[in-house]
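First the structure, in the form of structure tokens, and then the observations on it.
In the UniProt record's numbering, the protein residues as written are 1 to 545.
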């Protein structure tokens, strides 16, 4: 009831612009509003509600921890509240006999208006100076709340079976906290826990301004820390119940706001302001939008002029892969294809700093055919982009030789994870030979990568169908792909057979000891020994060691 009294008073104080009321900047000002009269409010709504009394114990000050709650006396009353506002009930009695479509339309408008009104009340309350000056929890309390028992320091949640436990009231107190006792007022728990829910449903005319949203959720502000902490504990229990993934205003609007609001925030915000925004705000927001399949917002974020496309595509590819694996390779939403089509409008960026090549290799690593197809289509229309995409990093003028050489190209990355469909598509690219023959700074080629990562036999067969060049290539340590297979006691014998019989690999392996046969014998791999000897008897010669 106290929550309702505060909410009503704030609504009256802010709803009439012509009324002379004090500016609501502090909780003390709100508490002094004449409309906060619990008894008067209870008398007013008494005929329409029934009490849901909670007989929970009180805390030290005698204040009920779970305050008295109320509910409409009948479901039909709820229906009327959600149809028209009470002051208009008398003039709308004819709605009782109206058809369902009319009622549904009216209820939709009414519900959105109610959500908007509640959002305005919540925003007004959370923007009070006190919410940014106080601390709901200390750092030690936050750490303890995240612990398995969810208790605060020096107040352990005792086991119910402990014979020496304190009285039930003390245990109850230890498991709960009251934000009112911390100076946050009676409406804080509700506003902190539900304002984002109202933001999701409120119509445009009720949405907070960008300045208000930034003030509500500035990355390094106490205000954000306080309401996020309360959000995690909606029942005021010391154990966390919910998570809040958003870290700053952009994350809040990405997850809870409409696309129009996100577009305005992206256009008007300074993401270099690290008090207001997380250092990787745009990337984190993209991750949120993709995780929730909100592609409209993903497109808005992709279009920001300062976006780092490499990081953005990395997050998009990782999310694509997670969802693709999660649905067991069933077709994903067509919006993914549309999203990756953005490469057609950023070809200038893709030709700078080897980004086109990096994007192709990352797409191959995640088995993302939609992006690879768009990239190929864009490259066919842009010879500079085609050259960048197909040129391995180590061959780019000015490439960082200390790091770039260690990376594999597209086919090796796809082979590492046995993305057979991706490899087939890559084989169709004109000029892909440079990727197939590429060797990293350790001398590994596509067959070494397949051996080291235990790729599927289908993958090895597909590589050999393109070319057997490199089946006997040695790394800087003198290992051929066969040597790498022999090191693994549980190696894929079908892959070894393919290298020997289809690829014509030399059973002797590399120049350094031991030979694959000797290594197999040392490992007790009888099957590999038999396979190696069979190849020997067909004409190969054992290495002298």
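We put the CB at the ideal spot given by N, CA and C, even for glycine.
Just so it is clear, the structure is predicted and the values come from calculations on it, not from any experiment.
Per the C-alpha coordinates, the member of 243, 425, 438, 428 positioned closest to residue 391 is 438. The C-beta distance from residue 127 to residue 215 rounds to 6 Å, short enough to fall under 8 Å.
When beta bridges are read from the DSSP output, residue 52 appears opposite 69. Within the region 353-385, no beta strand (DSSP E) run of at least 3 residues lies entirely inside it. Around residue 27, the same chain offers 128, 130, 185 as residues with beta carbons nearer than 6 Å, after the five sequence neighbours per side are excluded. Annotated as distal: residue 82 and residue 112, with beta-carbon spacing of 8 Å or more.
The beta carbon of residue 195 sits closer than 7 Å to the beta carbons of 119, 122, 123, 126 from its chain, once the five residues preceding and following it are set aside; these are given in chain order. Taking C-alpha positions only, residue 176 is separated from residue 238 by approximately 6 Å. For residue 80, the enclosing alpha helix (DSSP H) begins and ends at 75-81.
Taking the Cα of residue 388 as reference, the smallest distance to any Cα among 369, 409, 370 is reached at 409.
Residue 249 sits buried, since 16 or more C-beta atoms from the chains shown fall within 10 Å of its C-beta. A straight-line Cα-Cα distance of about 10 Å links residue 279 and residue 247. Residue 482 sits close to residue 499, with the two beta carbons spaced by under 8 Å. The secondary-structure analysis by DSSP pairs residue 237 across a beta bridge with 176. Taking the C-beta atoms as reference points, residue 309 is found no nearer than 8 Å to residue 368. Distance between residue 132 and residue 11, taken at the CA atoms: about 21 Å. In this structure, residue 479 and residue 510 form a Cβ contact; the two beta carbons are roughly 5 Å apart against a cut-off of 8 Å. In terms of Cα proximity to residue 287, the closest of 252, 40, 275 is 252.
Closest in C-alpha terms to residue 324, from the list 342, 354, 349, 290, comes 290. Given a length threshold of 4 residues, each whole run of the alpha helix (DSSP H) inside the region 386-460 is given here in chain order: 410-416, 420-427, 433-437, 446-452.
With a cutoff of 8 Å on beta-carbon distance, residue 108 and residue 202 are scored as not near each other. About 11 Å separates the beta carbons of residue 446 and residue 426, which is beyond the 8 Å limit, so they are not a contact pair. In the DSSP assignment, residue 228 falls within the unbroken alpha helix (DSSP H) covering 222-232. With respect to the 8 Å criterion, residue 68 and residue 87 are not classified as neighbours on the basis of their beta carbons.
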